[in-house]
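*Asks:* Take a look at the following structure, please.
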Amino acid sequence: MKKYLYSFALGTFLILAPGGAYAASARLTAPDNPAEVQRKAAAREQKAAAREKVAAAKQVSKMKRLSVKTHRFTAKLNHVMLVVLGMEESKTVTSPRQLKRQLHAHQKQLKMHAKMGSRARRSRTHE
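Next comes the structure, spelled out in structure tokens:
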């Protein structure tokens, strides 16, 4: 039932709107005006040039990403080799100077929290 209804609606639309069908067939015919032909050819060339430019930019971007990834990978690989050979420390090993600095920062943070807590307790008891 729906198929018949849709085909009927489509048929009535085509009968009542012949301008759309005429416009579609008019576009398919070649224009007689040489200026129009030349303008369309120039537009096609511009679009092709723009597509080529975009493709070239994408290729450059892709190569940059690949080179960055390759550089990171080789840097990691070089570091691993130096660690294996014993010429460099592993990044997981923390130097005593760094441990001392971390401990000092942690103690400073604890001291600050204690000071803030005591101020809060004093302000609550005075009220």
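Per mature numbering (1 follows the signal peptide of the UniProt record, and there is no 0): the sequence shown = residues -23 to -1, 1 to 104.
Think of the CB as a built atom: it goes at the ideal place given N, C-alpha and C, for glycine as much as any other residue.
Since this is a predicted model, take the numbers as computed values, not measurements.
Give me, in chain order, the residues of the same chain whose beta-carbon lies closer than 6 Å to that of Arg101; leave out the 5 immediate sequence neighbours on both sides.
*Replies:* If we look at Arg101 and ignore the five residues flanking it on each side, it has no Cβ neighbours.
*Asks:* If Glu65 sits next to His56, beta carbons under 8 Å apart, how far is it from one beta carbon to the other, in whole angstroms?
*Replies:* The pair is a contact, with the Cβ atoms about 7 Å apart (cut-off 8 Å).
*Asks:* Quick check: what's the CA-CA separation for Lys24 versus Ser44?
*Replies:* Spanning the two alpha carbons is a distance of roughly 30 Å.
*Asks:* Look at the alpha carbon of Gln84 and the alpha carbon of Lys77, and state the distance between them as a whole number of angstroms.
*Replies:* Roughly 11 Å between the two C-alpha positions.
*Asks:* Rounded to whole angstroms, what is the Cα-Cα separation between Arg74 and His48?
*Replies:* Using only the alpha carbons, I get a separation of about 30 Å.
*Asks:* From Ser95 to Gln79, what does the alpha carbon distance come to, in whole angstroms?
*Replies:* Each residue's alpha carbon lies about 24 Å from the other.
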